[in-house]
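Undergrad: Heads up, the final residue of the sequence shown is numbered 517 in this note's numbering, and it's a clean run with no missing numbers. Cβ coordinates follow ideal geometry from the N, Cα and C atoms, glycine included. A quick note: this is a predicted structure, and the numbers were derived from the prediction, not measured. Let me give you the structure first, and then I'll get to my questions.
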Amino acid sequence: HHLFKDFLSTQLTQKYSSTEIALFHMRASEWFSANGSIEEAIQHSLYAGNIEGAIDLIEEYRLAILSSNKGYMFEKWLAILPDDMVEKRPHLLLMKVWAHYFQNNFVSIPPIIAALESIVKEDKTFKQLSGEIYLFKGVFSYMKGDGPNAFTFMQQAMKLIPEKDHMIRGFTEIYFGLAGQMQGEEERVLPVLSDVVYQKSLNFERKYRVMISLIWIHIISGDLSNAATLNTQMGVASREKNEVTFNSWSLYNQGLIHLHRNELQKAITHLKQATENGLLMLRRATVDCLAALALAYCAAKNQDEAAATLDNLFQYVHSLNDPTLLEIADSCRTRLSLINERESLQPVIPMIKPTSTVGVMAIWCEIPRITLCRALIAEGSEQNLSKAEELLERYAELNKSHHNSSQLITIYCLRAVVYGKQKEYDEAFTWLRQALALARPGGFLFPFLEIGKPMQELLGRLYQTRDVDSYIETVLTAFGIDTTQLLATTSSTTA
Numbered sequence: 023h024h025l026f027k028d029f030l031s032t033q034l035t036q037k038y039s040s041t042e043i044a045l046f047h048m049r050a051s052e053w054f055s056a057n058g059s060i061e062e063a064i065q066h067s068l069y070a071g072n073i074e075g076a077i078d079l080i081e082e083y084r085l086a087i088l089s090s091n092k093g094y095m096f097e098k099w100l101a102i103l104p105d106d107m108v109e110k111r112p113h114l115l116l117m118k119v120w121a122h123y124f125q126n127n128f129v130s131i132p133p134i135i136a137a138l139e140s141i142v143k144e145d146k147t148f149k150q151l152s153g154e155i156y157l158f159k160g161v162f163s164y165m166k167g168d169g170p171n172a173f174t175f176m177q178q179a180m181k182l183i184p185e186k187d188h189m190i191r192g193f194t195e196i197y198f199g200l201a202g203q204m205q206g207e208e209e210r211v212l213p214v215l216s217d218v219v220y221q222k223s224l225n226f227e228r229k230y231r232v233m234i235s236l237i238w239i240h241i242i243s244g245d246l247s248n249a250a251t252l253n254t255q256m257g258v259a260s261r262e263k264n265e266v267t268f269n270s271w272s273l274y275n276q277g278l279i280h281l282h283r284n285e286l287q288k289a290i291t292h293l294k295q296a297t298e299n300g301l302l303m304l305r306r307a308t309v310d311c312l313a314a315l316a317l318a319y320c321a322a323k324n325q326d327e328a329a330a331t332l333d334n335l336f337q338y339v340h341s342l343n344d345p346t347l348l349e350i351a352d353s354c355r356t357r358l359s360l361i362n363e364r365e366s367l368q369p370v371i372p373m374i375k376p377t378s379t380v381g382v383m384a385i386w387c388e389i390p391r392i393t394l395c396r397a398l399i400a401e402g403s404e405q406n407l408s409k410a411e412e413l414l415e416r417y418a419e420l421n422k423s424h425h426n427s428s429q430l431i432t433i434y435c436l437r438a439v440v441y442g443k444q445k446e447y448d449e450a451f452t453w454l455r456q457a458l459a460l461a462r463p464g465g466f467l468f469p470f471l472e473i474g475k476p477m478q479e480l481l482g483r484l485y486q487t488r489d490v491d492s493y494i495e496t497v498l499t500a501f502g503i504d505t506t507q508l509l510a511t512t513s514s515t516t517a
């Protein structure tokens, strides 16, 4: 009980001097270290005021702590350690880089990497850290949407990071795959990653990370079937080993797959479980998971749960004090308003003023810049439709260059509606046909259904031309449209 703990602490300070208490902490640190409890050993060393001893332990076990999915501890320890000591120790600087990564604070990474490169250049004893340096140069390039540099850096990292460093090696392979996919090198990276996954006696943490890379590559490419197959395997394996973190990733991935296919109840089940686990590690992924869950509830017309999930999302982002994540939460709220059509859209548009650079859109469900386009289209004035088209054209080119079919489906759908609202139907049909062609292999439905009546009417017009992809019937059926009757109506009107 915490009161009993307080009582004992009071007795300790009354009976023993600060020097004696520090000695107790040092003995505790040595005992925990000898028995493999590194977190406790570091903590007691810090309590004892033995900063150098704590740093030695952190440096010795940094990779082991990362491998146990406890990198979140880095932020706590760095807050205690003196800045001047951190700046001189390459291992601590790398710990700082990892902390920024987990915090979604990518802009703080390049200066630290530059400092690390300078240290490694001057002191060859730290040359073994070059692999991690290339890794984060690649990660930062990927987040910026710089595919060529990202892929180059990740290839260099793959050559330098030892196979025995399971966590960092697997982490590198995640971004090697994603950067390769971004560069259109899918056929090159898939065999490499597949060979790793099916190695016998492969460390399970590395295996799961490589599987995440493969799953994301398939989702981004629009191949939901292969993504679902691999993700199911990962989910079963992670549950068997009671690996909660990787099971959370599996649940999140599966929730997104079901949402894309408009399988709303299944999406809700998986996304809800993922949020309840609360161990996605990446803050951006946790935010996206909550946003996707709110969206699934809203689409399923469960407004109470949608509102409650949105509240949870805001509570989470407010606790982090991160403006970019708050921007995503605001965007999600606007998107739900657009679906519900509960309020005038005039005050909605100013709410969304994305400040972050576009970068990579990856597999994310909630992207503020895309939601801004939705709001502009829904408002429907000539000026806002023109602005939406300008933005969507830019995002289409970006995602084409990144080979991101998943995001292109949504963007093409929205471009089609822009032209449909302007009654430029030939242009609208061009983009709609492209959206249908990309959606058909993976069974994407939600990007069409979310738009609602404007998309339904546009699909009906396109279907009546009879110059269509067969997948249009699947989408119209999901809208509740009888395609036979639709053609009969057309024939009757023509006669």
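Using a threshold of 8 Å, state whether the C-beta atoms of Ala328 and Tyr319 are closer than that.
TA: Along the sequence shown, read from residue 1 onward, the residue named residue 328 stands at position 306. Along the sequence shown, read from residue 1 onward, the residue named residue 319 stands at position 297. Contact: yes.
Undergrad: Can the beta-carbon of Pro112 be found closer than 8 Å to that of Phe148?
TA: Numbered from its first residue, the sequence shown carries residue 112 at position 90. Numbered from its first residue, the sequence shown carries residue 148 at position 126. Taking 8 Å as the Cβ cut-off, Pro112 and Phe148 qualify as a contacting pair.
Undergrad: For Leu358 and Ile473, I'd like the C-alpha separation in whole angstroms.
TA: For the purposes of this step, residue 358 is taken as residue 336 along the sequence shown, with counting starting at 1. For the purposes of this step, residue 473 is taken as residue 451 along the sequence shown, with counting starting at 1. Using only the alpha carbons, I get a separation of about 12 Å.
Undergrad: Which ranges would you report for the alpha helix (DSSP H) in the stretch 107–170 if only whole runs of at least 4 residues count?
TA: DSSP runs (the alpha helix (DSSP H)) wholly in the stretch 107–170: 112–124, 131–144, 152–166.
Undergrad: If we count Cβ pairs, one from each stretch, closer than 8 Å, do we get three or more for the stretch 343–361 versus the stretch 387–397?
TA: Yes, since at least three Cβ pairs between the stretch 343–361 and the stretch 387–397 fall closer than 8 Å, the two stretches touch.
Undergrad: Taking the straight line between their C-alpha atoms, what separation do you get for Ser247 and His240?
TA: Taking the sequence shown and counting its residues from 1, one reaches residue 247 at position 225. Taking the sequence shown and counting its residues from 1, one reaches residue 240 at position 218. If I take the Cα positions, the gap works out to 8 Å.
Undergrad: Take every Cβ of the stretch 249–260, pair it with every Cβ of the stretch 225–236, and state whether three or more of those distances are shorter than 8 Å.
TA: The stretch 249–260 is in contact with the stretch 225–236.
Undergrad: Any idea if Pro469 is buried or exposed, counting beta-carbon neighbours within 10 angstroms, 16 or more meaning buried?
TA: Mapped onto the sequence shown, residue 469 falls at position 447. When all chains shown are included, Pro469 counts as buried.
Undergrad: Are Ala410 and Cys435 close, meaning C-beta to C-beta below 8 Å?
TA: Here residue 410 is taken as the residue at index 388 of the sequence shown, counted from 1. Here residue 435 is taken as the residue at index 413 of the sequence shown, counted from 1. Against a cut-off of 8 Å, the Cβ pair of Cys435 and Ala410 comes out as no contact.
Undergrad: By Cβ distance, which residues of its chain are closer than 8 Å to Leu508, with the 5 residues on each side in sequence left out?
TA: What you label residue 508 is simply residue 486 of the sequence shown in a count that begins at 1. So the list reads Gly482, Tyr485, Gln486, Leu498, once near-sequence residues are dropped.
Undergrad: Runs of 3 residues minimum, wholly inside the stretch 397–472: which ones carry the beta strand (DSSP E) assignment?
TA: You should have found no qualifying run.
Undergrad: Distance, Cα to Cα, Glu209 vs Ser243?
TA: On the sequence shown, residue 209 is found 187 positions in, with the first residue counted as 1. On the sequence shown, residue 243 is found 221 positions in, with the first residue counted as 1. Straight-line Cα distance between these residues: approximately 12 Å.
Undergrad: Roughly how many angstroms lie between the CA atoms of Glu109 and Thr297, to the nearest whole one?
TA: Walking along the sequence shown from the start, residue 109 turns up at place 87. Walking along the sequence shown from the start, residue 297 turns up at place 275. Answer to the nearest angstrom: the Cα atoms are 36 Å apart.
Undergrad: If distances are taken between C-alpha atoms only, which option among Ile87, Pro104, Gln276 comes closest to His292?
TA: Counted from its first residue, the sequence shown places residue 292 at position 270. Comparing Cα positions, the closest option is Gln276.
Undergrad: How about Leu304 and Phe124: are their beta carbons less than 8 Å apart?
TA: As a working note, residue 304 is residue 282 in the sequence shown. As a working note, residue 124 is residue 102 in the sequence shown. Yes, the Cβ-Cβ distance between Leu304 and Phe124 is below 8 Å.
Undergrad: Taking Cβ to Cβ, would you say Gly381 is nearer than 8 Å to Lys166?
TA: Taking the first residue of the sequence shown as position 1, residue 381 is located at position 359. Taking the first residue of the sequence shown as position 1, residue 166 is located at position 144. Against a cut-off of 8 Å, the Cβ pair of Lys166 and Gly381 comes out as a contact.
Undergrad: Give me the Cα-Cα distance between Gly199 and Trp120, rounded to the nearest whole angstrom.
TA: Against the sequence shown, residue 199 aligns to sequence position 177. Against the sequence shown, residue 120 aligns to sequence position 98. Each residue's alpha carbon lies about 20 Å from the other.
Undergrad: Is the distance from the Cβ of Asp333 to the Cβ of Asn126 below 8 Å?
TA: What you label residue 333 is simply residue 311 of the sequence shown in a count that begins at 1. What you label residue 126 is simply residue 104 of the sequence shown in a count that begins at 1. Cβ atoms of Asp333 and Asn126: not closer than 8 Å.
Undergrad: Alpha carbon to alpha carbon, how far is Ser235 from Glu195?
TA: The count along the sequence shown starts at 1 and reaches residue 235 at position 213. The count along the sequence shown starts at 1 and reaches residue 195 at position 173. In a straight line, the C-alpha of Ser235 is about 7 Å away from that of Glu195.
Undergrad: Could you compute how far the alpha carbon of Thr518 sits from the alpha carbon of Leu317?
TA: Look at the range of the chain in this structure, 23 to 517, and you will see that residue 518 is not part of it.
Undergrad: Between the alpha carbons of Thr496 and Thr251, how many angstroms are there, rounded?
TA: Within the sequence shown, residue 496 is the residue found at index 474, counting from 1. Within the sequence shown, residue 251 is the residue found at index 229, counting from 1. Cα to Cα, Thr496 sits roughly 22 Å from Thr251.
Undergrad: Residue range of the alpha helix (DSSP H) that Gln295 falls in?
TA: The count along the sequence shown starts at 1 and reaches residue 295 at position 273. Counting along the chain, the alpha helix (DSSP H) containing Gln295 begins and ends at 286–299.
Undergrad: Could you check what DSSP says for Leu498 in three-state terms: helix, strand or coil?
TA: Counted from its first residue, the sequence shown places residue 498 at position 476. Helix, per DSSP.
Undergrad: Are Leu68 and Ile190 touching if we call contact CB-CB under 8 Å?
TA: Position 46 of the sequence shown, counted from the start, is the residue given in the question as residue 68. Position 168 of the sequence shown, counted from the start, is the residue given in the question as residue 190. No; because the gap between Cβ atoms is not below 8 Å, this pair is not in contact.
Undergrad: When you compare only the Cα positions, how much space is there between Leu41 and Ile102?
TA: Within the sequence shown, numbered from 1, the residue matching residue 41 stands at position 19. Within the sequence shown, numbered from 1, the residue matching residue 102 stands at position 80. For the sequence presented, residue 41 should be read as Thr rather than Leu. Taking the straight line joining both Cα atoms gives about 20 Å.
Undergrad: How many angstroms separate the CA atom of Gly300 from the CA atom of Glu265?
TA: Within the sequence shown, numbered from 1, the residue matching residue 300 stands at position 278. Within the sequence shown, numbered from 1, the residue matching residue 265 stands at position 243. Roughly 13 Å between the two C-alpha positions.
Undergrad: Please list, in chain order, all residues of the same chain as Glu365 whose beta carbon is under 7 Å from its beta carbon, the five residues on each side excluded.
TA: Along the sequence shown, read from residue 1 onward, the residue named residue 365 stands at position 343. With a pLDDT of 45 at Glu365, under the threshold of 50, the modelled position of that residue is not reliable, and the figure given next carries that caveat. Answer for Glu365: Ser359, listed in chain order.
Undergrad: Following the continuous alpha helix (DSSP H) through Asp78, name the residue where it begins and the one where it ends.
TA: What you label residue 78 is simply residue 56 of the sequence shown in a count that begins at 1. First-last of the alpha helix (DSSP H) with Asp78: 73–89.
Undergrad: Let me confirm a value: Ser55 is counted as buried when at least 16 other C-beta atoms fall within 10 Å, else exposed. Which label applies?
TA: On the sequence shown, residue 55 is found 33 positions in, with the first residue counted as 1. Buried: at least 16 other Cβ atoms inside 10 Å.
Undergrad: Locate the alpha helix (DSSP H) running through Glu227, then write down its first and last residues.
TA: Walking along the sequence shown from the start, residue 227 turns up at place 205. Unbroken alpha helix (DSSP H) run through Glu227: 226–242.
Undergrad: Rounded to the nearest angstrom, what separates Ala289 and Thr254 at their Cα positions?
TA: Counting from one through the sequence shown, the residue named residue 289 turns up at place 267. Counting from one through the sequence shown, the residue named residue 254 turns up at place 232. Cα to Cα, Ala289 sits roughly 14 Å from Thr254.
Undergrad: Could you please give the first and the last residue of the uninterrupted alpha helix (DSSP H) stretch that includes Trp386?
TA: Within the sequence shown, residue 386 is the residue found at index 364, counting from 1. Counting along the chain, Trp386 falls outside any alpha helix (DSSP H), and DSSP gives it neither H nor E.
Undergrad: The alpha helix (DSSP H) spanning Ser319 covers which residue range?
TA: For the purposes of this step, residue 319 is taken as residue 297 along the sequence shown, with counting starting at 1. It is Tyr, not Ser, that sits at residue 319 in the sequence shown. It spans 305–321 - the alpha helix (DSSP H) in which Tyr319 sits, taken as one unbroken run.
Undergrad: Just tell me which of Gln205, Ala459, Ile77, Leu335 has its CA closest to the CA of Ser423.
TA: If you number the sequence shown from 1, residue 423 lands on position 401. That would be Gln205, whose Cα lies nearest to the Cα of Ser423.
Undergrad: Would you kindly work out how many angstroms separate the C-alpha atoms of Leu15 and Trp271, rounded to a whole number?
TA: Lying outside 23 to 517, the shown extent of the chain, residue 15 is not represented and no answer is given.
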